[in-house]
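**Q** Dumping the structure here so I can ask a few things about it.
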Amino acid sequence: MLISIVYDSGFGHTARVAEAVAAGIGEVEGAEAKLIAVADGPMDWETLERSDAIIFGSPTYNGLISAKLKQFFEDSTKAAWSAQKWRNKIAAGFTNSGAQHGDKLNSLVSMALFAAQHGMIWVGLDMMPGNSSSTGSVDDLNRLGSWLGVMTQSNVDQAPEVALIGSDLKTAQHLGRRVAETTSRFQPA
Ligand SMILES: Cc1cc2nc3c(=O)[nH]c(=O)nc-3n(C[C@H](O)[C@H](O)[C@H](O)COP(=O)(O)O)c2cc1C
Numbered sequence: 001m002l003i004s005i006v007y008d009s010g011f012g013h014t015a016r017v018a019e020a021v022a023a024g025i026g027e028v029e030g031a032e033a034k035l036i037a038v039a040d041g042p043m044d045w046e047t048l049e050r051s052d053a054i055i056f057g058s059p060t061y062n063g064l065i066s067a068k069l070k071q072f073f074e075d076s077t078k079a080a081w082s083a084q085k086w087r088n089k090i091a092a093g094f095t096n097s098g099a100q101h102g103d104k105l106n107s108l109v110s111m112a113l114f115a116a117q118h119g120m121i122w123v124g125l126d127m128m129p130g131n132s133s134s135t136g137s138v139d140d141l142n143r144l145g146s147w148l149g150v151m152t153q154s155n156v157d158q159a160p161e162v163a164l165i166g167s168d169l170k171t172a173q174h175l176g177r178r179v180a181e182t183t184s185r186f187q188p189a
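Start counting the sequence shown at 1; every next residue gets the next number (the UniProt record's numbering).
Now the structure itself:
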């Protein structure tokens, strides 16, 4: 099983989340993660066509996915959408931003809509919301309480090496594992 993670990261924070997603994929036997940064171009469309699942990742900029990921979305129209090359592939998404909320949901909705337009099968986050009771803390998984995909947050004045919170990275790792496990259920016997 090949699972590609197509992501953008202007300053390296979302890249760390992408690596955590890849680590989760690696925990599932027979699953291989391929990290593809859209900024590295040119896009490897052939690898995406071979992939059993594609996970999208973006920083939230201006309450949206980044321009570079959006460009990838547009470019996929000719490369994949017209011939529905990604139909029935598994899809999922994650986004990182500076504010706790930061309008991240809009980024995930954009990814899920995009996946639906490609005929892909969207996998959400199967986790109860963390840090939402008197006994909760920022160490809880899914501390930002998302279901559509993984939301992570990093302080804007800290470098990627220190800014990402352990619980967020573990939540991202969980999504990677979940996507790999789900993808394996769609493999021919
Ligand atoms: C152009 C721009 C727009 C941003 N817009 C938002 C936003 O709408 N919401 C938010 O919470 N943070 C916003 N941020 C902060 C980024 O989401 C945050 O710094 C994030 O960690 C960047 O990820 P990256 O290092 O992967 O690029 C913005 C940052 C930039 C540069």
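Every residue gets a Cβ at the ideal spot worked out from N, C-alpha and C, and that includes glycine.
Here the structure is a predicted model, which is why all the values come from computation and not from measurement.
Using only the alpha-carbon positions, how far apart do E74 and V150 sit?
**A** Roughly 23 Å between the two C-alpha positions.
**Q** Mark A172 as exposed unless 16 or more other C-beta atoms lie within 10 angstroms of its C-beta, in which case mark it buried.
**A** By the neighbour-count rule (16 or more Cβ atoms within 10 Å), A172 is buried.
**Q** Determine the burial state of D52: buried for a count of at least 16 other Cβ atoms within 10 Å of its Cβ, exposed for fewer.
**A** When all chains shown are included, D52 counts as buried.
**Q** Let me make sure I understand the geometry here. Which of D126, G136, F186 and K89 has the alpha-carbon closest to that of E49?
**A** Considering only alpha carbons, the answer is K89.
**Q** Going residue by residue through the UniProt domain "Flavodoxin-like" (3 to 152), where are the continuous beta strand (DSSP E) segments of at least 3 residues, counting only ones entirely within it?
**A** Those beta strand (DSSP E) runs which fall completely within the UniProt domain "Flavodoxin-like" (3 to 152) and span 3+ residues are 32 to 37, 53 to 59 and 90 to 97.
**Q** Within the same chain, show all residues whose beta-carbon is closer than 6 Å to that of G63, passing over the 5 residues directly before and after it, in chain order.
**A** D103 and N106, listed in sequence order.
**Q** Could you check what DSSP says for A159 in three-state terms: helix, strand or coil?
**A** Looking at A159 - three-state DSSP - the assignment turns out to be coil, as it is neither helix nor strand.
**Q** Below 8 Å CB to CB, which residues in the same chain sit around D44 once its five sequence neighbours on both sides are set aside?
**A** Excluding residues within five positions, the ones whose Cβ falls inside 8 Å are I36.
**Q** Using CA coordinates, which residue listed in D157, E181, V179 and L141 is at the minimum distance from S167?
**A** Ranking D157, E181, V179 and L141 by Cα distance to S167 puts L141 first.
**Q** Which residues in the same chain as S132 place their Cβ atom closer than 7 Å to its Cβ, once the five residues preceding and following it in sequence are excluded?
**A** So the qualifying residues of the chain are G145.
**Q** Per DSSP, what kind of secondary structure is L169 in: helix, strand or coil?
**A** DSSP places L169 in helix when its eight states are reduced to three.
**Q** With hydrogens ignored, establish whether the beta-carbon of H174 is closer than 6 Å to any heavy atom of ligand 1.
**A** H174 Cβ: outside cutoff for every heavy atom of ligand 1.
**Q** Is the beta carbon of I5 closer than 7 Å to that of A18?
**A** Contact flag set, yes.
**Q** In the structure shown, what three-state DSSP assignment does L175 receive?
**A** Helix at L175.
**Q** Applying the 10 Å Cβ sphere with the 16-neighbour rule, what's the burial state of S137?
**A** So S137 counts as exposed.
**Q** By Cβ distance, which residues of its chain are closer than 6 Å to F114, with the 5 residues on each side in sequence left out?
**A** Result list for F114: F73, in chain order.
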